[in-house]
Amino acid sequence: QVQLVDSGGELVQAGGSLKLSCAASGTTLSVPHWSWYRQAPGKEREWVAGIYSSGSTKYADSVKGRFTVSRDNAKNSVYLQMKSLQPEDAAVYYCSAPIRGRTYWGQGTQVTVSS
């Protein structure tokens with residue numbers, strides 16, 4: 001059974017940093033590309049960043065220059081390094097990946113930013 005497990009969210013002060021992790025289990029297939037999304041209370045889920053099989057990365061304008069997405073193919077994992085966190089970055093963060101033609105989601109990890 002394929003699962004994505006994300007982790008690393010916690011309470012951090014404004015200006016601080018966090019690194020989120022997400023690992024795929026239940027498959028030996030290499031994940032072709034990964035995405036990170038986030039959802040704040042009362043808001044729609046929004047795309048944050050993506051990393052592709054070529055290694056190229058893309059970011060939402062709101063996080064560009066502050067967040068860095070990376071991957072470890074050997075561990076079938078993806079990471080999101082977040083710096084200069086602001087209260088507006090507070091949300092539940094989800095990793096997502098297509099595996100065998102289906103999109104999988106992590107269970108979400110809560111990031112709280114205190115001002």
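Note that our numbering gives residue 99 to position 99 of the sequence shown, counting from 1, and the numbers run on in steps of one. All residues carry an ideal CB built from backbone N, CA and C; glycine is no exception.
Closest residue to residue i among the options (Cα-Cα distance)
i: Val-63; options: Glu-46, Val-31, Ser-54; result: Glu-46
i: Thr-116; options: Pro-41, Val-69, Leu-18, Val-5; result: Residue 116 lies beyond the residue range present for the chain, which begins at 1 and ends at 115; the question has no answer from this structure.
i: Val-96; options: Val-111, Ser-84, Ala-90, Leu-80; result: Per the sequence shown, the amino acid found at residue 96 is Ser instead of Val. For the residues Val-111, Ser-84, Ala-90, Leu-80, the minimum Cα distance to Ser-96 belongs to Leu-80.
i: Asn-84; options: Thr-103, Gly-16, Tyr-37; result: The sequence shown places Ser at residue 84, rather than the Asn named in the question. If we check each option's Cα against that of Ser-84, Gly-16 comes out closest.
i: Val-12; options: Ala-91, Gln-107, Gly-42, Gly-106; result: Ala-91
i: Asp-89; options: Ala-23, Ala-74, Phe-67; result: Phe-67
Same chain, Cβ closer than 6 angstroms to residue i, five either side skipped, listed in chain order
i: Ile-51; result: Trp-34, Thr-57, Val-69, Arg-71
i: Gln-107; result: none
i: Asn-73; result: Ser-30
i: Gln-3; result: Ser-25, Gly-26
Rounded straight-line distance, which links the Cα of residue j to that of residue i
i: Ser-115; j: Leu-18; result: 15 angstroms
i: Val-111; j: Pro-87; result: 10 angstroms
i: Ser-119; j: Ala-49; result: Summary: the structure shown does not reach residue 119, with the chain confined to residues 1 through 115, and so no result is reported for it.
i: Ile-99; j: Ser-30; result: 8 angstroms
i: Glu-10; j: Gly-42; result: 20 angstroms
i: Ala-60; j: Trp-36; result: 10 angstroms
i: Gly-55; j: Val-113; result: 29 angstroms
i: Gly-101; j: Val-78; result: 19 angstroms
i: Gly-65; j: Met-82; result: 10 angstroms
i: Ala-14; j: Glu-44; result: 23 angstroms
Residue i vs residue j beta-carbon contact at 8 angstroms
i: Arg-38; j: Tyr-104; result: no
i: Thr-109; j: Ser-25; result: no
Per DSSP, the bridge partner or partners of residue i
i: Pro-20; result: First, the amino acid is wrong: residue 20 is Leu here, not Pro. Leu-20 pairs with Leu-80.
i: Thr-112; result: Leu-11
i: Pro-41; result: Beta-bridge pairing links Pro-41 to no other residue.
Same chain, Cβ closer than 8 angstroms to residue i, neighbours up to 5 away in sequence not counted
i: Lys-75; result: Ala-23
Own chain partners of residue i with C-beta closer than 7 angstroms, once the 5 adjacent residues on each side are dropped
i: Ser-53; result: Pro-32, His-33
i: Ala-40; result: Ala-90, Ala-91
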